[in-house]
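Heads up, the sequence shown is in this note's numbering, so the first residue is 1 and it goes up one at a time.
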Amino acid sequence: MKARRGKVLGLVLAGGEGGRLGPLTDGRAKPVLPFGGVYRLIDFPLSNCHHSRVSDVWVIQQYEAHTLSEHLANGRPWDLDRTWGGMRVVHPTTGGEESGFFEGNADAIDRNREAIASFDPELVLVLSADAVYRLDYAEVLERHRERGAEATAVTTVKPAEEALRLGTVAVDSTGLVTAFEYKPEEPRSDIVTTEVFVYDAKVLLDTFAELEGEGEELSDFGHSLLPRLVERGNTWADDLGGYWRDVGTLESYWQAHMDLLEPEPQLRLDDPEWPILTRASQRPPARVDASARIEGSLISPGCSVRGRVARSVLGPGVVVEEGVEVVDSVVLGNSRISADIHRAIVDEGADVTQETTGAEEPAVVA
């Protein structure tokens with residue numbers, strides 16, 4: 001008789017400030033930063049959870065938490081508003097031994113050790129809300145079980161200029177992780193972690209307790225937790241095998257949108273077999289006037305376009321005036337464009353009245 005499998009607990013780490021995104025995260029949690037017109041960054045891991053049948057999901061939040069709570073809507077868009085299980089939103093607490101703000105992703109989990117132990121999962125699936133990608137977590141979980149792994153890191157390949165912002169791993173021919181470096185100044189490997197991890201729950205909690213007892217730093221995974229697990233010799237790499245982009249900088253956020261506009265994009269937002277689910281407001285259809293010219297762009301509901309839009313993404317309710325050019329740009333919702341913009345990111349509700357052109361980095365109008 002086959003043994004019954006235990007529960008999987010999904011933990012979405014959604015508390016970071018996103019400081020490298022400048023004004024785009026002033027006043028909003030990074031996970032609710034708009035993406036692709038009508039979506040938010042956190043929609044990607046939550047949609048993946050829905051399609052992968054991961055139905056117990058805790059969202060750990062901190063920075064500008066109210067902006068995230070409004071979007072989460074008790075988990076309803078992702079079928080996580082359930083009487084039993086479903087979505088649980090976790091906040092920093094006050095008044096106890098574990099009170100105060102989280103100091104990093106590992107610390108956020110460590111401070112919830114008792115709650116996780118009480119939930120008693122077999123596996124813990126840890127996800128960030130900083131990247132755009134599609135992934136069937138069920139397949140990753142299955143391979144983790146087949147290997148009898150203590151930890152699995154989902155990986156992809158990135159050039160050195162991106163790898164230095166991430167964790168890198170060395171793997172042997174079987175996929176076993178033999179070395180790990182956290183944000184190395186000179187990466188020795190182009191295989192990076194995608195901030196998708198599977199942990200044996202007991203091993204994870206025991207390792208946290210062990211490291212805490214030794215006085216080790218428990219802020220981010222890369223400082224102590226992952227190096228310790230790699231040393232134990234049962235951490236495995238699982239290649240994502242598709243599109244993945246961290247959008248933690250202005251350049252990468254802009255580039256991820258340009259990727260959507262390729263003739264054959266690697267990440268399709270219109271895939272009927274794996275739709276990205278979100279909490280969306282009701283908007284009328286976009287209006288494109290006779291004076292408008294649109295080339296290779298995404299236009300969201302509620303937009304009014306009377307000028308030229310080329311290789312750009314417009315969020316809901318954007319107005320582009322007649323005679324104006326919007327080229328190679330990302331315009332977030334409810335903005336009005338009355339002057340030409342090229343290679344720019346326009347924040348929600350902005351009124352652009354002066355010509356704006358980006359250089360090495362895209363220009364930002366907030």
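Backbone N, C-alpha and C define an ideal beta-carbon position, used for all residues, glycine too.
Rounded to whole angstroms, the separation of the alpha carbons of PHE119 and VAL132 is 29 Å. Excluding five sequence positions before and after PRO159, the CB atoms of its chain that fall closer than 8 Å to its own CB belong to ASP190, given in chain order. Distance check between ILE60 and each of GLU17, TRP84, ASN48 and PRO23 places GLU17 closest, using alpha-carbon atoms only.
Put simply, of THR278, SER47 and LEU226 the residue whose alpha carbon is nearest the alpha carbon of GLU70 is THR278. Judged by DSSP secondary structure, ALA290 falls outside any alpha helix (DSSP H); it is assigned neither H nor E. For ALA256, the uninterrupted alpha helix (DSSP H) segment begins and ends at 250-260.
Straight-line spacing of the CA atoms in TYR137 and SER291 works out to 46 Å. When DSSP assignments are scanned along the region 182-209, the uninterrupted stretches of beta strand (DSSP E) that are 3 or more residues long and fall wholly within it turn out to be 191-200.
Under DSSP, GLN61 takes part in a beta bridge, and its partners are ALA14. The C-beta of ARG245 has 16 or more other C-beta atoms within 10 Å across all chains shown, which makes the residue buried.
DSSP places GLY19 in the helix class (H, G or I) of the three-state scheme. ASP246: member of the beta strand (DSSP E) spanning 244-246, first to last residue.
Take the alpha-carbon of LEU211 and the one of ARG113: they are about 13 Å apart. By the beta-carbon neighbour count (other beta carbons within 10 angstroms, threshold 16), LYS183 is exposed.
Nearest in C-alpha terms to ARG40, of all of VAL32, SER47 and LEU46, is VAL32.
Straight through space, the alpha carbons of GLY37 and ILE345 are spaced by roughly 12 Å. ARG232 counts as exposed, since fewer than 16 other beta carbons sit within 10 angstroms of its beta carbon. DSSP places ARG308 outside any alpha helix (DSSP H); the residue lies instead in the beta strand (DSSP E), whose first and last residues are 308-310. Per DSSP, the unbroken beta strand (DSSP E) holding GLU325 starts and ends at 325-327. Of the candidates HIS257, ARG88, PRO272 and LEU218, LEU218 places its Cα closest to the Cα of ILE109.
In the DSSP assignment, LEU176 is bridged to TRP236.
The residue from LYS30, LEU229, VAL305 and LEU176 with its alpha-carbon nearest to that of SER335 is VAL305. Judged by their CB atoms, ALA201 and VAL177 are not nearer to each other than the 8 Å cut-off. Apart from the 5 residues on each side of it in sequence, GLY27 sits with its Cβ closer than 8 Å to the Cβ of GLU64 and THR67 in its chain, given in chain order. If you look at ALA363, you'll find it isn't in any alpha helix (DSSP H); it sits in the beta strand (DSSP E) that goes 363-365. Taking C-beta atoms as the reference points, VAL192 and THR168 count as a pair closer than 8 Å.
When DSSP states are grouped into helix, strand and coil, SER128 belongs to the strand group.
In the three-state reduction of the DSSP assignment, PRO31 falls in the helix class, which pools H, G and I. With respect to the 8 Å criterion, THR207 and LEU229 are classified as neighbours on the basis of their beta carbons. In the three-state scheme derived from DSSP, where H, G and I count as helix and E and B as strand, VAL318 is classed as coil. For the pair LEU9 and ASP56, the CB atoms are nearer than the 8 Å cut-off.
Using a Cβ distance threshold of 8 Å, VAL324 and VAL313 do not count as a contacting pair.
The distance from the Cβ of PHE221 to that of ALA106 is about 5 Å, consistent with a contact at the 8 Å cut-off.
Sequence-distant Cβ neighbours of LEU204 in its own chain, meaning closer than 7 Å and more than five residues away, are VAL124.
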